[in-house]
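With the numbering used here as the guide, the letters of the sequence shown map in order to residues -2 to 125. Report on one structure; see the data block that follows.
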Amino acid sequence: MKRKEKAMGLDMYAMISSERFDKEVDFKPQEGREIHYWRKHPNLHGWMEALYFDKGGEAQSFNCVALALNEDDLDRLEADIKAGNLPPTQGFFFGASDGSESEDDLSFITKARDAIKEGFTVYYDSWW
């Protein structure tokens, strides 16, 4: 996946692929298409990071690593967004989540569910 050149900061991507992976973390996609993008939404990134390690992720840093998202993950994420339970997360050049992102986050979940129904693998990736 070619990354977009931007100013320093947290860039976050939801991607889809027709590839199937042996595991839900630490895989190397050969192709992917962006379905959603966030810039400096650290609380969502912190939620994804926790999920990554819950699924057995082994990277030293949750940066430039793929995390597959399934229906159960999306259900859990939706519930946490609606309840305001994304974990406060900080990092160098991460910016700050202010709560106004919820509608956009829920829009991503709708797109991700549609992609899964169409047979795609949905995964999260980031670069900071």
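We put the beta carbon where it would ideally sit given N, CA and C, even for glycine. These numbers come from a predicted model, not from an experiment.
In DSSP terms, what residue 124 is bridged to: 8
Looking only at C-alpha atoms, which of 43, 44 and 61 sits nearest to residue 23? Minimum Cα-Cα distance from residue 23 among the listed residues 43, 44 and 61 corresponds to 61.
Per DSSP, what kind of secondary structure is residue 36 in: helix, strand or coil? strand
Flag this pair as touching only if the region 34 to 52 and the region 65 to 85 have three or more C-beta atom pairs under 8 Å; answer yes or no. yes
Given this structure, state the Cα-to-Cα distance separating residue 20 from residue 53, to the nearest angstrom. 9 Å
Quick one: is residue 2 buried, meaning 16 or more other Cβ sit within 10 Å of its Cβ, or exposed? Residue confidence for residue 2 is low, a pLDDT of 49 falling below 50, so the modelled location carries little weight; the figure read from the coordinates is stated next. Under this definition residue 2 is an exposed residue.
Looking only at C-alpha atoms, which of 91, 89, 125 and 42 sits nearest to residue 78? Closest by alpha carbon: 42.
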